[in-house]
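In what follows, a single structure is set out as structure tokens and then discussed.
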Amino acid sequence: MPRILIADDNAPNADLFEAHLDGTGCETKVVFNGEDTLAAARSWKPAIILLDVMMPKLSGFEVCRRLRADPTTRDIAVLMVTALDQVTDVETAVEAGTDDFITKPINKTELLLRVKALLESRAQSNDLDRAIAYIGRVQQGL
Numbered sequence: 012m013p014r015i016l017i018a019d020d021n022a023p024n025a026d027l028f029e030a031h032l033d034g035t036g037c038e039t040k041v042v043f044n045g046e047d048t049l050a051a052a053r054s055w056k057p058a059i060i061l062l063d064v065m066m067p068k069l070s071g072f073e074v075c076r077r078l079r080a081d082p083t084t085r086d087i088a089v090l091m092v093t094a095l096d097q098v099t100d101v102e103t104a105v106e107a108g109t110d111d112f113i114t115k116p117i118n119k120t121e122l123l124l125r126v127k128a129l130l131e132s133r134a135q136s137n138d139l140d141r142a143i144a145y146i147g148r149v150q151q152g153l
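For the sequence shown, the working numbering assigns the number 12 to the initial residue and increments by one for each residue that follows.
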């Protein structure tokens, strides 16, 4: 069962994300600040993090940078979620390493489509990694 970590300092927003994701077959967990997001990413190992930009302790941008710098978390898909809508915010998110970006207020259909796309992309990447490892083993046996 895929895991989705919801990182948002606003409890009603987090509840809304959980409600939108209900019925997707995904397990969800909520954290409310940047430091807890990093800790949960390392220990809980989610497939996707819905990452709010404006959070206490560490911003979503900084969390994303740190996730990408850590070999144990760099492959987690990150969907940045924010009320910010300036072009520079999108640029900063991309530079930080986000996989996708969605603005609030969240549209349920858009959220579910983006989560589905990220899960499919992650599954394809895992399949590719397994195929490459298999080819390497075959080549070593020749």
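Backbone N, C-alpha and C fix where the C-beta goes; we use that ideal spot for every residue, glycine too.
Note that the structure is a prediction, hence the values are computed from the model and not measured.
Asked, Found
"Where Pro57 falls, given that 16 or more other Cβ within 10 Å makes a residue buried", "buried"
"Own chain partners of Val41 with C-beta closer than 6 Å, once the 5 adjacent residues on each side are dropped", "Ile17 and Ala25"
"Cutoff 7 Å; reference Arg53; Cβ partners in own chain excluding five residues on either side", "Thr83 and Thr84"
"Same chain, Cβ closer than 8 Å to Leu78, neighbours up to 5 away in sequence not counted", "Leu49, Ala52, Ile60, Thr84, Arg85, Ile87, Val89 and Gly108"
"For Asp63 and Leu123, the rounded distance between their alpha carbons", "16 Å"
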